[in-house]
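For reference, the structure discussed in these notes is given below.
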Amino acid sequence: MVEPKIVYVVLAILIIIAGVAGYLAGSAKPAVTQTFTVTKTVTTIQGAVTKTVTVTKTITTSAITTVTVTQTPTATKPKPTYVTKKIVIGTTDKVTDMDPSNAYDFFTWEVLSNIMDGLVKYKPGTDEIIPAIAERWEVKEGGKVWIFYLRKDVKFCDGTPVTAEDIVRSIKRVMKINGDPAWLVTTFVEDVEAIDKYTVKFTLKKPVSYFLALVATPPYFPVHPNYPPDEIASDATWGGAGPYCVEDFKRDQYIVLKANPYYYGEPPKSERIIIRFYKDAATLRLAFERGEVDVAWRTLRPTDYKDLAKNPNYKMIEIPGSFIRYLVINTKMEPTNNKLVRQAIAAAINRPQLAKVVFLDTMEPLYS
2 MVEPKIVYVV LAILIIIAGV AGYLAGSAKP AVTQTFTVTK TVTTIQGAVT
52 KTVTVTKTIT TSAITTVTVT QTPTATKPKP TYVTKKIVIG TTDKVTDMDP
102 SNAYDFFTWE VLSNIMDGLV KYKPGTDEII PAIAERWEVK EGGKVWIFYL
152 RKDVKFCDGT PVTAEDIVRS IKRVMKINGD PAWLVTTFVE DVEAIDKYTV
202 KFTLKKPVSY FLALVATPPY FPVHPNYPPD EIASDATWGG AGPYCVEDFK
252 RDQYIVLKAN PYYYGEPPKS ERIIIRFYKD AATLRLAFER GEVDVAWRTL
302 RPTDYKDLAK NPNYKMIEIP GSFIRYLVIN TKMEPTNNKL VRQAIAAAIN
352 RPQLAKVVFL DTMEPLYS
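Residue numbers (our numbering): 2 to 369.
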């Protein structure tokens, strides 16, 4: 059993931050002079003696008699400045299902997490959960009740506002369809309701300390109202309220994501992301070396990693993997129905040698 390290081959990434500015302007008539008297009683303690003194002072000041305030129109969100017009990513993975009620694999969740947002999400590159569509939340009744307060500026890709009813509708849709990932909701959630337009209440079957981690997964994402209420839409492109919208999708060929003009958060760095699907590692490597893709991502062969790393024009990023490779044994038939046989097989497998010789140290041994 070995745990792989995902290796990315990229060209370059830059970061730019854009700001938004607004102002107020006002005008007033000339001021007039006013005179008034202030009387103040001051009590002081000096040693054992208390003294009370009344102070009276006459003040002459300028007072504004009439004020007219004119507010300029609210500054509109400026057009985003992108680092690059597009990034082309090549992968041997596939999008299995564009519907979060039924999608249950790593790569598809990566795509859904770009075209949808949840109430909360993970801060990129960390395991820290931060606000997303919900700007804050409360935990009550010992962890059994969670109340989320939504931002009021969240919109779907077509400009339709996202409200608490969209959260409720999407969660109940997952529960009703009962697809592969539904257990992430149905195991824990007793009920979900909209308290008002921007407040959602979850009542759990029992307190769950890691509920925020569950809410950060696609089954909890609000989907566009066009998604059918009681059936799976595997090729749907309506998406949700994420940083990108689906511009084009050809199953097993490519998917094109375009920056969401209504996104409430910081605009993405690239205006478009094009993901191209390849049948195997050899085809993916060839596409990368020809310059057809900017990023070769999941999965190249270990020998490809070693070869490409020698080229100074390529940048390789190596991080811990999110999946494992393992053997599956039928425990209902002989001889593997014998626990001692299974233990012998486990003992005979040299995990470190497999990781070093077969996978060229791109994976780490895993024990159970």
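Note that beta-carbon positions come from the ideal geometry of N, C-alpha and C, so glycine has one too.
Note that the structure is predicted; figures quoted are calculated from it, not measured.
Please report how far the alpha carbon of residue i lies from the alpha carbon of residue j, in whole angstroms.
i: Lys206; j: Glu111; result: 29 Å
i: Lys153; j: Thr164; result: 8 Å
i: Ile346; j: Asn331; result: 13 Å
i: Trp147; j: Asp98; result: 29 Å
i: Asn351; j: Thr363; result: 16 Å
i: Ile130; j: Ser114; result: 14 Å
i: Arg291; j: Ile178; result: 44 Å
i: Ser326; j: Val359; result: For the sequence presented, residue 326 should be read as Arg rather than Ser. Approximately 13 Å between the Cα atoms of the pair.
i: Ile134; j: Trp239; result: 18 Å
i: Thr200; j: Lys307; result: 52 Å
i: Val257; j: Thr187; result: 32 Å
i: Pro269; j: Asp192; result: 34 Å
i: Leu213; j: Asp167; result: 18 Å
i: Glu142; j: Val190; result: 15 Å
i: Ala242; j: Ala310; result: 37 Å
i: Tyr312; j: Ala297; result: One detail in the question is off: residue 312 reads as Asn in this sequence, not Tyr. Spanning the two alpha carbons is a distance of roughly 14 Å.
i: Arg273; j: Pro244; result: 11 Å
i: Tyr315; j: Gly126; result: 22 Å
i: Lys198; j: Tyr105; result: 30 Å
i: Pro162; j: Pro208; result: 31 Å
i: Ala349; j: Asp305; result: 29 Å
i: Gly23; j: Lys124; result: With a pLDDT of 35 at Gly23, under the threshold of 50, the modelled position of that residue is not reliable, and no figure is offered here.
i: Pro353; j: Glu365; result: 7 Å
i: Lys156; j: Pro226; result: 12 Å
i: Arg174; j: Glu248; result: 25 Å
i: Glu293; j: Glu194; result: 48 Å
i: Ile172; j: Leu328; result: 35 Å
i: Asp128; j: Asn339; result: 40 Å
I'd like the list of long-range same chain contacts for residue i, defined as Cβ closer than 8 Å, with 5 residues on each side in sequence excluded.
i: Ser210; result: Gly144
i: Asp236; result: Met99, Phe250, Arg252
i: Ser271; result: Tyr83, Val84, Thr85, Lys86, Lys87, Ile88, Ala260
i: Ile196; result: Ile148, Ala165, Lys202
i: Tyr279; result: Gly91, Thr92, Thr93, Leu285, Ala288
i: Asn1; result: With the chain running from 2 to 369 in the structure shown, residue 1 is simply not present.
i: Arg343; result: Ile330, Thr332, Thr337
i: Met176; result: Ala183, Val186, Thr187, Val190
i: Lys357; result: none
Look up residue i in the DSSP assignment and give the residues it is bridged to.
i: Leu151; result: Ala135
i: Ser271; result: Thr85
i: Ile90; result: Ile276, Val296
i: Ile256; result: Phe250, Ile276
i: Val201; result: Phe149, Ala195
i: Lys122; result: Ile131
i: Lys414; result: Any answer about residue 414 is impossible in this case: the structure gives the chain only from 2 up to 369.
i: Val190; result: Leu205
i: Tyr105; result: DSSP output for Tyr105 lists no bridge partner at all.
i: Lys156; result: Pro162
i: Tyr245; result: Ala260
Less than 8 Å between the CB of residue i and some heavy atom of the ligand FMN, yes or no?
i: Cys246; result: With respect to the ligand FMN, the structure offers nothing, as it holds no ligand at all.
Short check: CB of residue i to CB of residue j, under 9 Å?
i: Arg277; j: Pro230; result: no
i: Leu151; j: Glu136; result: yes
i: Met117; j: Pro223; result: yes
i: Tyr265; j: Gly160; result: no
i: Leu361; j: Pro303; result: yes
i: Lys122; j: Thr109; result: no
Looking only at its own chain, which residues have a Cβ that is under 6 Å from the Cβ of residue i, when we skip the five neighbours before and after it?
i: Ala234; result: Asp100, Tyr228
i: Cys246; result: Cys158, Gly240, Lys259, Asn261
i: Thr204; result: Val146, Glu191, Asp192
Closer than 7 Å by C-beta to residue i: which residues in its own chain qualify, once you throw out the five before and the five after it? Chain order, please.
i: Ser185; result: Checking the sequence shown, residue 185 turns out to be Leu, not Ser. Leu215, Thr218, Pro220.
i: Thr300; result: Thr93, Ala282
i: Leu341; result: none
i: Tyr255; result: Ile275, Ile276, Arg277, Phe278
i: Gly119; result: Ala133, Ile134, Val216, Ala217, Tyr221, Phe222
Please confirm if residue i has its CB atom under 9 Å from at least one CB of chain B.
i: Ser323; result: The structure shown contains no chain B; it holds only a single protein chain.
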